[in-house]
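Student: Take -5 as the starting number for the sequence shown in the working numbering and just add one per residue.
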Amino acid sequence: MTVTEQQVRRSHPVRTTDPQSPDDHGALRRAVGRNLTAYGFLCGALICFALFSWYPMVREVLLSFQENNFVDPPKWVGFDNFRTVIEDPAFRSAWINTAAFSGLALVIGYAVPFVLAVVLNELKHAKAYLRFVVYLPVMLPPAVAVLLFKWFYDPGSGLFNQVLDVFGIPPLSWLDSTSTALVSLVIVSTWMNLGTGTLIYLAALQSIPGDLYESAELDGAGLFRRVWHVTIPQTKLILLVMLLLQVVATMQVFIEPYLLTGGGPENATVTVAYLMYQYAFNFGDFGGGGALGLMLMVVLMVFSAIYLRVSREAER
């Protein structure tokens, strides 16, 4: 072997061992470990969704076509459950009340959080304190908030009638009158969910470039013109998304009529979700309750599809 060949072999030794070094094996084990951890968390989430979301949905679809009391073997009845609930006099009232509740909630509960967010965004002092005050109702358990308003609505010593008495206005039967019962439920729902909508709108407002407001002020625009020409155009996507989310949420209203009115007076506050509860747990007709739930689910799926479409457009 020549001197030149010896120098080449010293500078470039021939590898006679396995091509993968221990460092390569360690990196591979770490990568596999990271992936297994990620897939483990993903499997846990999928199992939770399967048990508590997907399985109940599939079970409800099957239940709507069965006569089932969960004691005797289920009996397949086809569309009989749907015919039964559609022929119920309360069926039409439930859908009308649900649509009316959603409409009133949009008129009252959709505009108020946005107006509050605009006001909070314009304030210079005590912003953090006022945000806490606005969000405070969300931190209360829904049952506690509803029962609190039940005392407010008391026809005798309730807070609202005491306030009316100060101004010389006769007391109202808030929950016992067909003309005020549904509006009373909307007020409760609006107060309970006011903080969430306000903070979402406030976050959207604070993402608007300040240069736009400065330019509007230089042009002599006041507060209302700035809101109309700057704020609303810059937040139109979040406004639309919140609109669709509120429709989906209000169509499922249950706890307010359940705790405050029991669907009365004269079925004035019976909603689809409350009627579904009555069929399943008061009448023992789980098939009828499943049929109502399936109808409501189809309606909500339409609004959910619109929401997903709008969300995709917002991300572009």
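All residues carry an ideal CB built from backbone N, CA and C; glycine is no exception.
Compute the beta-carbon to beta-carbon distance between V132 and T190, rounded to the nearest angstrom, for a pair I have assumed lies under 8 Å.
Tutor: Taking the first residue of the sequence shown as position 1, residue 132 is located at position 138. Taking the first residue of the sequence shown as position 1, residue 190 is located at position 196. Right, their Cβ atoms sit about 6 Å apart.
Student: Could you give the DSSP three-state label for T10: helix, strand or coil?
Tutor: Translated into positions along the sequence shown, residue 10 becomes position 16. Its pLDDT being 47, under 50, T10 is placed unreliably in this model, and the value from its coordinates should be taken loosely. Reduced to three states, the DSSP call for T10 is coil.
Student: Would you be able to state if there are at least three C-beta pairs under 8 Å between the segment 153 to 166 and the segment 189 to 209?
Tutor: These segments do not touch.
Student: Which of helix, strand or coil does DSSP assign to E61?
Tutor: Taking the sequence shown and counting its residues from 1, one reaches residue 61 at position 67. Three-state result, E61: strand.
Student: Going by C-alpha distance, which of A262, L286, P259 and N75 is nearest Y271?
Tutor: Counting from one through the sequence shown, the residue named residue 271 turns up at place 277. When only C-alpha atoms are compared, the closest one is L286.
Student: Grab me the residues of G314's own chain with a C-beta within less than 6 Å of its C-beta, minus the 5 sequence neighbours each way, in chain order.
Tutor: Any question about residue 314 goes unanswered here, given that the chain covers just -5 to 310.
Student: Using the C-alpha atoms, what's the distance from L36 back to L254?
Tutor: Against the sequence shown, residue 254 aligns to sequence position 260. Against the sequence shown, residue 36 aligns to sequence position 42. Taking the straight line joining both Cα atoms gives about 41 Å.
Student: Spatial neighbours of S96 within its chain, please: CB distance less than 6 Å, with the 5 preceding and 5 following residues excluded, ordered by chain position.
Tutor: Position 102 of the sequence shown holds residue 96. Once the five neighbours on either side are set aside, the close Cβ partners of S96 are V241, T244 and M245.
Student: Grab me the residues of V140's own chain with a C-beta within less than 7 Å of its C-beta, minus the 5 sequence neighbours each way, in chain order.
Tutor: Position 146 of the sequence shown, counted from the start, is the residue given in the question as residue 140. Here the set comprises V182, I249, E250, L253 and L254.
Student: Could you spell out the range, first to last residue, of the alpha helix (DSSP H) harbouring Q156?
Tutor: Position 162 of the sequence shown holds residue 156. Per DSSP, Q156 belongs to the alpha helix (DSSP H) from L153 to V160.
Student: Take A84 as the anchor and find which of L217, A44, Y273 and G278 has the nearest alpha-carbon.
Tutor: The residue labelled residue 84 in the question sits at position 90 within the sequence shown. Taking only the C-alpha atoms, the option nearest A84 is Y273.
Student: Quick check: the segment 256 to 263 against the segment 165 to 183, are at least 3 beta-carbon pairs closer than 8 Å?
Tutor: These segments touch.
Student: Consult DSSP for K118 and reduce its assignment to one of helix, strand or coil.
Tutor: For the purposes of this step, residue 118 is identified with residue 124 of the sequence shown, where counting begins at 1. Three-state result, K118: coil.
Student: With a threshold of 7 Å on Cβ separation, who are the neighbours of Y104 within its own chain once the five nearest residues in sequence on each side are excluded?
Tutor: For this step, residue 104 is matched to residue 110 along the sequence shown. Taken in chain order, the residues that qualify are L237 and Q240.
Student: Using the rule of at least 16 other Cβ atoms within 10 Å of the residue's Cβ for burial, across every protein chain shown, is N75 buried or exposed?
Tutor: In the sequence shown, counting from the first residue as 1, residue 75 sits at position 81. N75 is buried by the Cβ-count criterion.
Student: Work out the CA separation of V52 and V266 for me, nearest whole Å.
Tutor: Here residue 266 corresponds to residue number 272 of the sequence shown, with the count starting at 1. Here residue 52 corresponds to residue number 58 of the sequence shown, with the count starting at 1. If I take the Cα positions, the gap works out to 19 Å.
Student: Is W168 helix, strand or coil by DSSP?
Tutor: In the sequence shown, the residue the question calls residue 168 occupies position 174. Note: W168 maps to coil in three-state DSSP.
Student: By how many angstroms is the C-alpha of L179 removed from the C-alpha of M186?
Tutor: For this step, residue 186 is matched to residue 192 along the sequence shown. For this step, residue 179 is matched to residue 185 along the sequence shown. Taking the straight line joining both Cα atoms gives about 11 Å.
Student: The alpha helix (DSSP H) that contains M245, what's its start and end?
Tutor: Residue 245 sits at position 251 when you count from the first residue of the sequence shown. No alpha helix (DSSP H) contains M245, which DSSP labels as neither H nor E.
Student: Between L290, G281 and W48, which has its C-alpha nearest F64's C-alpha?
Tutor: What you label residue 64 is simply residue 70 of the sequence shown in a count that begins at 1. The residue with the shortest Cα to Cα distance from F64 is G281.
Student: Could you check the C-alpha separation between L288 and S58 for me, to the nearest Å?
Tutor: By one-based count along the sequence shown, residue 288 stands at place 294. By one-based count along the sequence shown, residue 58 stands at place 64. Straight-line Cα distance between these residues: approximately 7 Å.
Student: If distances are taken between C-alpha atoms only, which option among R306, E307, L188 and M291 comes closest to P50?
Tutor: On the sequence shown, position 56 is the one that residue 50 refers to. If we check each option's Cα against that of P50, M291 comes out closest.
Student: Just reading off the alpha helix (DSSP H) that S96 is part of, what are its end residues?
Tutor: Residue 96 sits at position 102 when you count from the first residue of the sequence shown. Here the alpha helix (DSSP H) through S96 covers P83 to A99.
Student: How far does the alpha helix (DSSP H) with L142 in it reach, from first residue to last?
Tutor: Within the sequence shown, the letter at position 148 stands for residue 142. L142 -> alpha helix (DSSP H) spans P136 to F146.
Student: Mind checking whether the beta-carbon of F35 lies closer than 7 Å to any heavy atom of the ligand SAH?
Tutor: Summarising the ligand content, the structure contains no ligands, and the ligand SAH is consequently not present.
Student: Look at the Cβ atom of L234, then the Cβ atom of V177, and state whether they are nearer than 8 Å.
Tutor: The residue labelled residue 234 in the question sits at position 240 within the sequence shown. The residue labelled residue 177 in the question sits at position 183 within the sequence shown. No, they are not a contact pair.
Student: Can you have a look at W89 and say buried or exposed, based on whether 16 or more other CB atoms are within 10 angstroms of its CB?
Tutor: Counting from 1 along the sequence shown, the entry for residue 89 is found at position 95. It is buried - the Cβ of W89 has at least 16 other Cβ atoms within 10 Å.
Student: Determine the direct distance from the alpha carbon of F143 to that of V157, and round the result to whole angstroms.
Tutor: Along the sequence shown, one-based indexing puts residue 157 at 163. Along the sequence shown, one-based indexing puts residue 143 at 149. For V157 and F143, the distance between alpha carbons rounds to 14 Å.
Student: Can you tell which of P203, L114, A93 and R125 has its C-alpha closest to the C-alpha of V264?
Tutor: Mapped onto the sequence shown, residue 264 falls at position 270. The candidate whose alpha carbon is nearest that of V264 is A93.
Student: Since V106 and L22 should fall inside the 8 Å C-beta cutoff, what is the C-beta to C-beta distance between them, to a whole number of angstroms?
Tutor: On the sequence shown, residue 106 is found 112 positions in, with the first residue counted as 1. On the sequence shown, residue 22 is found 28 positions in, with the first residue counted as 1. So it is not a contact: roughly 57 Å between Cβ atoms.
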